[in-house]
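Input: a single structure, listed below in structure tokens.
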Amino acid sequence: MTRFDYREKTALITGASSGIGEAFAHQLAARGMHLILVARSQDKLLSLADALGREHGCRTKVLVADLSDPDQASGLADRVKSAGLQADLIINNAGFGTHGRFTRQSAAQERREVLLNALAPLEIAHAFVPGMVERGGGAIINVASSAGFQATPYMSTYGATKAFLLHLSEGLWAELEPDNIQVMAVCPGPVATNFFEASGSPTLKKALSTTPMISAERCVRESLEAFDKGRPVVVPGLSIKLMTQSGRFMPRALLTKISARMLGPKKRKTG
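What follows is the structure, given as structure tokens:
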């Protein structure tokens, strides 16, 4: 496979308005890419586009979309084409997590979680990959999670969506390699973003306080280093990488129980 060439190519980034998506925007612009920024917040996207243009001299296109709507996800390629653009690299980053007892979660919110975290990247791949095949190359980076490696009680739906995205990425990595299309899954642990606030859970950040947290900038830097080496999966951050590897040697039931103790409600001390 030909190594991906960033210069004068265009990257489409979902969830680009903050966190990991914003970090991808800055680092890809620094590598000479032009950008298509996708998120729900127009004001944040326009501000980011202006900053990227001033700092890197890149061209940016802002597309406002709610990708939890399957029609908006599948229609993204037509909007890009209508703007006279093409996406050479897709960064599927948009997503969120819910935390707490399953019986207390909103079914509508968890459905939206599945649509955004799992279905949207699938719809986007179906919309853009045929064009990449026709042009003889392209790339997709899917932001999954270390939660995709095992069951995550009290975040069961989130973990399941990330497992789907991880396995989809690995399958497409092998399947699309003959078409010169590079696919990689990014599986970080906790990253210093607004993920915890967006979860709506006041206890999630505390539940993960013993797990080392890395910056969005480091997450993206290590991800792009792995992408340049053609790897199908990367776990940014040494500590979380060791944790995910050690979990491979534990019985799944035990690993799930440990996750439940970490993410579940803490028992109050008595006496």
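Quick note: the sequence shown uses the UniProt record's numbering, first residue 1, plus one each step. From the three backbone atoms N, C-alpha and C, an ideal C-beta is built for every residue, glycine too.
**Prompt:** Below 8 Å between beta carbons: does that hold for D179 and A139?
**Reply:** Here residue 179 corresponds to residue number 179 of the sequence shown, with the count starting at 1. Here residue 139 corresponds to residue number 139 of the sequence shown, with the count starting at 1. With contacts defined by Cβ atoms closer than 8 Å, D179 and A139 do not form a contacting pair.
**Message:** Quick check: does the Cβ of V114 come within less than 7 Å of any heavy atom belonging to the ligand HEM?
**Reply:** Of ligands this structure carries none, so the ligand HEM is not represented either.
**Prompt:** In chain order, which continuous runs of the beta strand (DSSP E) of length 3 or greater are located wholly inside the region 164-189?
**Reply:** As far as the region 164-189 is concerned, its whole beta strand (DSSP E) runs of at least 3 residues are 181-186.
**Asked** If you draw a straight line from the C-alpha of K44 to the C-alpha of G75, how long is it?
**Response** The residue you call residue 44 lines up with position 44 of the sequence shown. The residue you call residue 75 lines up with position 75 of the sequence shown. Whole-angstrom Cα-Cα distance: 22 Å.
**Asked** Under 8 Å between C-beta atoms, does A147 make it to chain C?
**Response** In the displayed structure, chain C is absent; only one protein chain is listed.
**Request:** May I ask you to report which of helix, strand or coil DSSP gives H99?
**Result:** As a first step, residue 99 must be located in the sequence shown, where it is residue number 99. The answer is coil: DSSP assigns H99 none of H, G, I, E or B.
**Item:** Three-state secondary structure assigned by DSSP to T10
**Value:** Position 10 of the sequence shown, counting from 1, holds the residue named residue 10. DSSP, read as helix, strand or coil, puts T10 in strand.
**Own chain residues within Cβ distance below 6 Å of G21, not counting five before or after** = Taking the first residue of the sequence shown as 1, we reach residue 21 at position 21. The residues are I13, G15, N93.
**Message:** Suppose you measure from the CA of A108 to the CA of T2; what does that come to, to the nearest Å?
**Reply:** For the purposes of this step, residue 108 is taken as the residue at position 108 of the sequence shown. For the purposes of this step, residue 2 is taken as the residue at position 2 of the sequence shown. Roughly 43 Å separates the two Cα atoms.
**Item:** Per DSSP, cross-strand counterpart(s) of L28
**Value:** Here the question's residue 28 lines up with position 28 in the sequence shown. Answer is none; L28 lacks a bridge partner.
**Residue interval of the alpha helix (DSSP H) (run including K61)** = Mapped onto the sequence shown, residue 61 falls at position 61. Per DSSP, K61 lies in no alpha helix (DSSP H) segment; the continuous beta strand (DSSP E) that holds it begins and ends at 60-64.
**Request:** Starting from the Cα of T256, find the closest Cα among G32, V186, M155 and give me that residue.
**Result:** For the purposes of this step, residue 256 is identified with residue 256 of the sequence shown, where counting begins at 1. For T256, the nearest C-alpha among the options comes from M155.
**Request:** Check whether the region 53-68 touches the region 216-236, taking contact to mean three or more Cβ pairs, one atom from each stretch, closer than 8 Å.
**Result:** Not touching, per the Cβ criterion.
**Request:** Within its chain, find whatever has a CB closer than 8 Å to the CB of G271; leave out the 5 residues flanking it on each side and keep chain order.
**Result:** The residue labelled residue 271 in the question sits at position 271 within the sequence shown. With a pLDDT of 43 at G271, under the threshold of 50, the modelled position of that residue is not reliable, and the figure given next carries that caveat. Once the five neighbours on either side are set aside, G271 has no close Cβ partner at all.
**Prompt:** Just curious, the alpha helix (DSSP H) that G53 is in, first and last residue?
**Reply:** Position 53 of the sequence shown, counting from 1, holds the residue named residue 53. From DSSP, the alpha helix (DSSP H) with G53 extends over 42-56.
**Message:** Pop quiz: L67 and L122 are said to be a contact at Cβ under 8 Å. What is the actual Cβ separation, rounded to whole angstroms?
**Reply:** For this step, residue 67 is matched to residue 67 along the sequence shown. For this step, residue 122 is matched to residue 122 along the sequence shown. L67 to L122, Cβ: 11 Å. No contact.
**Beta-carbon separation (whole angstroms), A147 vs E170, contact threshold 8 Å** = Along the sequence shown, one-based indexing puts residue 147 at 147. Along the sequence shown, one-based indexing puts residue 170 at 170. Contact between A147 and E170 fails: their C-beta atoms lie close to 16 Å from each other, not under 8 Å.
**Message:** Among the candidates E197, R248, S239, whose CA atom is the shortest distance from the CA of I214?
**Reply:** Within the sequence shown, residue 214 is the residue found at index 214, counting from 1. Closest option to I214, Cα to Cα, is S239.
**Asked** Under three-state DSSP, which class holds R104?
**Response** Taking the first residue of the sequence shown as position 1, residue 104 is located at position 104. Correct three-state label for R104: helix.
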